[in-house]
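*Asks:*
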Amino acid sequence: MAAMSFSPADVGKVARLARLSLSAGEARAYAGDLSRILSLLDRVDAVDTAHITPLWHPGRQSLRMRADSVSEENRREEFQQAAPAVERGLYLVPRVLG
Amino acid sequence: MPAARTITALAKMLRSGETTSRDLCRETIGRIRARADLNAFITVTEDAAFAEAGRADALLSGKGGGGATTTLTGIPIAHKDIFSTLGVRTTCGSRMLADYTPAFDATVVANLKAAGAVTVGKTNMDEFAMGSSNENSFFGAAANPWDAGTVPGGSSGGSAAAVAARLLPAATGTDTGGSIRQPAAFCGITGLKPSYGRVSRHGMVAFASSLDQAGALTVTCEDAAVMLDAMAGFDSRDSTSVDAPPPCAAGSLDQTIAGLTIGLPAEFFGDGLDPAVAASVQAALAELEKAGARLVDVALPSSENSIPCYYIIAPAEASSNLSRFDGVRYGFRAGQFDGLAEMYEKTRAEGFGAEVKRRIMVGTYVLSAGYYDAYYLKALKLRRLIADDFARAFEQCDVIAGPTTPTCAFRRGAKMDDPVAMYLNDIYTSSVNLAGLPALSIPAGFVNGGGGELPVGLHLIGPYMAEAKLLGVGHRFQQITDWHERAPPGVDGG
Chain A
4 MAAMSFSPAD
14 VGKVARLARL
24 SLSAGEARAY
34 AGDLSRILSL
44 LDRVDAVDTA
54 HITPLWHPGR
64 QSLRMRADSV
74 SEENRREEFQ
84 QAAPAVERGL
94 YLVPRVLG
Chain G
101 MPAARTITAL
111 AKMLRSGETT
121 SRDLCRETIG
131 RIRARADLNA
141 FITVTEDAAF
151 AEAGRADALL
161 SGKGGGGATT
171 TLTGIPIAHK
181 DIFSTLGVRT
191 TCGSRMLADY
201 TPAFDATVVA
211 NLKAAGAVTV
221 GKTNMDEFAM
231 GSSNENSFFG
241 AAANPWDAGT
251 VPGGSSGGSA
261 AAVAARLLPA
271 ATGTDTGGSI
281 RQPAAFCGIT
291 GLKPSYGRVS
301 RHGMVAFASS
311 LDQAGALTVT
321 CEDAAVMLDA
331 MAGFDSRDST
341 SVDAPPPCAA
351 GSLDQTIAGL
361 TIGLPAEFFG
371 DGLDPAVAAS
381 VQAALAELEK
391 AGARLVDVAL
401 PSSENSIPCY
411 YIIAPAEASS
421 NLSRFDGVRY
431 GFRAGQFDGL
441 AEMYEKTRAE
451 GFGAEVKRRI
461 MVGTYVLSAG
471 YYDAYYLKAL
481 KLRRLIADDF
491 ARAFEQCDVI
501 AGPTTPTCAF
511 RRGAKMDDPV
521 AMYLNDIYTS
531 SVNLAGLPAL
541 SIPAGFVNGG
551 GGELPVGLHL
561 IGPYMAEAKL
571 LGVGHRFQQI
581 TDWHERAPPG
591 VDGG
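Note that the protein sequences, when read in sequence, are chains A and G. Following this note's numbering, the numbering of the first sequence begins with 4 at its first residue and continues without gaps. Following this note's numbering, the numbering of the second sequence begins with 101 at its first residue and continues without gaps.
(1) Is there at least one non-hydrogen atom of the ligand HEM closer than 7 Å to the beta-carbon of Ala111/G?
(2) Given this structure, state the Cα-to-Cα distance separating Ala487/G from Leu388/G, to the nearest angstrom.
(3) Under DSSP, the alpha helix (DSSP H) around Ser259/G begins and ends at which residues?
(4) By Cβ distance, which residues of its chain are closer than 7 Å to Pro597/G, with the 5 residues on each side in sequence left out?
(5) Counting only beta-carbon separations shorter than 8 Å, does Leu540/G have a partner in chain A?
(6) Chain A partners of Gly536/G, CB-CB under 9 Å?
(7) Can you give the Cα-Cα distance for Arg39/A and Phe9/A, rounded to whole angstroms?
(8) For Pro87/A, would you say it is in contact with chain G, using Cβ-to-Cβ distances shorter than 8 Å as the test?
(9) Taking 8 Å as the threshold (beta carbon to beta carbon), is Lys112/G in contact with chain A?
(10) In three-state terms, what does DSSP make of His575/G?
(11) Return no unless some Cβ of chain A is closer than 8 Å to the Cβ of Pro408/G.
(12) Tell me the DSSP secondary structure of Asp48/A in three-state form.
(13) Any beta carbon from chain G within less than 8 Å of Val17/A's own beta carbon?
(14) At which residue ranges does the segment 197 to 230 of chain G contain complete beta strand (DSSP E) runs of 3 or more residues, listed in the order of the chain?
(15) Chain C partners of Asp36/A, CB-CB under 8 Å?
(16) Consider the Cβ of Val50/A: report whether some Cβ of chain G lies at a distance smaller than 8 Å.
(17) Round the Cβ separation of Cys649/G and Pro555/G to the nearest angstrom and send it over; I've been treating them as touching at under 8 Å.
(18) Considering only residues of the same chain and omitting the five flanking positions on each side of Thr119/G, which have a CB-CB separation below 6 Å?
(19) Around the Cβ of Ala5/A, are there at least 16 other Cβ atoms within 10 angstroms (buried) or fewer (exposed)?
(20) Using 8 Å as the Cβ pair cut-off and three pairs as the minimum, do the segment 537 to 552 of chain G and the segment 371 to 389 of chain G touch?
(21) Could you give the DSSP three-state label for His179/G: helix, strand or coil?
(22) Roughly how many whole angstroms lie between the Cα atoms of Gly599/G and Arg266/G?
(23) How many Å lie between Ala441/G and Leu422/G at the Cα?
(24) Jot down the residue ranges of each uninterrupted beta strand (DSSP E) in the segment 116 to 173 of chain G, minimum 3 residues, whole runs only, in chain order.
(25) Report the CB separation of Ala434/G from Met443/G in whole angstroms; it is logged as a contact under 8 Å.
(26) So Ala156/G packs on Val218/G, CB below 8 Å; how close in whole Å?
(27) Where does Leu66/A land, buried or exposed, given buried means 16+ other C-beta within 10 angstroms?
(28) Quick one: Cα of Ala70/A to Cα of Ser310/G, how far?
(29) Ala206/G versus chain A: which residues are under 8 Å apart at the beta carbon?
(30) Helix, strand or coil for Ile357/G? Go by DSSP, reduced to three states.
(31) Helix, strand or coil: how does DSSP classify Asp338/G here?
(32) Is it the case that the segment 176 to 187 of chain G contacts the segment 218 to 229 of chain G, given that we only count it when at least three CB pairs across the two stretches are under 8 Å?
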């Protein structure tokens, strides 16, 4: 593939997918950075990998199975202490439905 | 000349009654405060450390109810601030977690606590372990004790700076593409990245889950072995933890290296390697040869693709892992927003730093419709070729050696405007993570860094689960050389 160049609009699209708000100035700066990074990543295109099996993971074993039984105690209150907003055991977020 | 302040030496002093854990703790915290200029620590846990030291002293004096002691009992250590610590804030170098206090210990933290080690604090790091200079920390850059104008490396830069400045004998680190070995090399200390699955990742804030591995930064290989033995072990809370026999690294250090075959890949000695670093590494290899090792040429032809391969896979996994930071369950939440979507977007925009955002966007892009096959899937295939290269090379040699980094520590600010130049720091280290292998960086000489001498690291890579072998080779090297005993200017190495 030809060296891909990122426009600020492309950055805006990726940022929306990643749930990041960016100012116009930031989008311009990231467009330059991402274009340079992409030209590094594009080097992978030169290698023929037609018959190669992807290596997802370096683990030498398959994932273990375990009995479907409760292994942890409920520590909801402790864990919710780290949350920005909680009420009656529920996480509070802005209203979604009118 | 007093013995070096290693775990092994301090453990003897604790047993002979020459010192107590509380005294060591007091001294360590004094040293940390005296070297605030290094910015090696994000949090110092003075009160908890004294309480733990008191318990260790009771055990060591036989008054602790008869509990067993280990080499680590009463030894002050620090944790990279990526490990969750019960009741102690765990920032991961980020504004996103600047006020986050976990309700549990990472398995590594729990294991070292169970071995009796005394945690004195949490060390500085690149935000979410993304960086090679520690300049991406929300809490400011850490300095290299050899030359404050240079970086300590990253992402485990605070751990490396603290051990190099002899603030304490050991600190934990994590290594996703070189984040233990590169700072160990830059700071002139020993850094061990174990095999993938050897040490539990439970409670370690995730960056790239198929690459992340916890390890140790120490002065000597002997101490790295002690740390590994305490940290490692099967953990049902990490689905990738390997149920393997313990490494017993400390018990198998005294190996002969006569007849050991060391593979030298031409790819690790090519363009881009600083000639002075190359000369130090060649001299170190000559020492190993003199001690009986045999040097052979091996080939890792696919390793030339390890940087683009790594910088596709790691950001892809990071973009997925870091989606959990949404301002709902823990961490930072933006102050002003209109609606749920804007809350997510502003929280993440204000909570993450520039490099983290860059990697999240790269990862999002390479996983997005239309680009997934060309980038992500392609990188996974290259990853197979890279791992196969290592497997073939290890048919011809016992360990692989080369430089840890292409240059010595660089100046602060030198690469902050050029992410690609920063990424090239990982050129010799990232292929090891892609293949899941264990590797070690040990001090192997010095080069003129402009403002003075700066350390060089020798990189040793082993077959899967061969940590004990690697540490044995490193230990032998440290018996015949004294590079690891050299402390930075103005630092009391004794």
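Using N, Cα and C, we set each Cβ at its ideal position, and we do this for glycine too. If you're wondering where the values come from, they're calculated on a predicted model, not measured in any experiment.
*Replies:* The relevant details are as follows:
(1) As for the ligand HEM, it is missing from this structure, which has no ligand bound.
(2) 26 Å
(3) 257 to 264
(4) Summary: the structure shown does not reach residue 597/G, with chain G confined to residues 101 through 594, and so no result is reported for it.
(5) So no, Leu540/G is outside the interface.
(6) His60, Pro61, Gly62, Arg63
(7) 9 Å
(8) yes
(9) So, not an interface residue.
(10) His575/G falls in the helix class under three-state DSSP.
(11) yes
(12) helix
(13) yes
(14) 218 to 223
(15) No chain C is present in this structure, whose protein chains are A and G.
(16) Yes, its Cβ sits closer than 8 Å to a Cβ of chain G.
(17) The structure shown does not extend to residue 649/G, since chain G is modelled only from 101 through 594, so no value can be given for it.
(18) Only Met113 meet the Cβ criterion.
(19) At Ala5/A the pLDDT is 42, less than 50, meaning the model places this residue with poor confidence and gives no usable figure here.
(20) Of all C-beta pairs linking the segment 537 to 552 of chain G to the segment 371 to 389 of chain G, three or more are shorter than 8 Å, placing the two stretches in contact.
(21) strand
(22) Beyond the ends of chain G as shown, which are 101 and 594, falls residue 599/G; an answer cannot be given.
(23) 16 Å
(24) 141 to 144
(25) Contact check for Ala434/G and Met443/G: beta-carbon distance about 6 Å, within the 8 Å limit, so the pair qualifies.
(26) 6 Å
(27) exposed
(28) 25 Å
(29) What Ala206/G touches in chain A: nothing, since even the nearest Cβ is about 15 Å away.
(30) coil
(31) coil
(32) Three or more Cβ pairs closer than 8 Å define a contact, and the segment 218 to 229 of chain G meets that threshold against the segment 176 to 187 of chain G.
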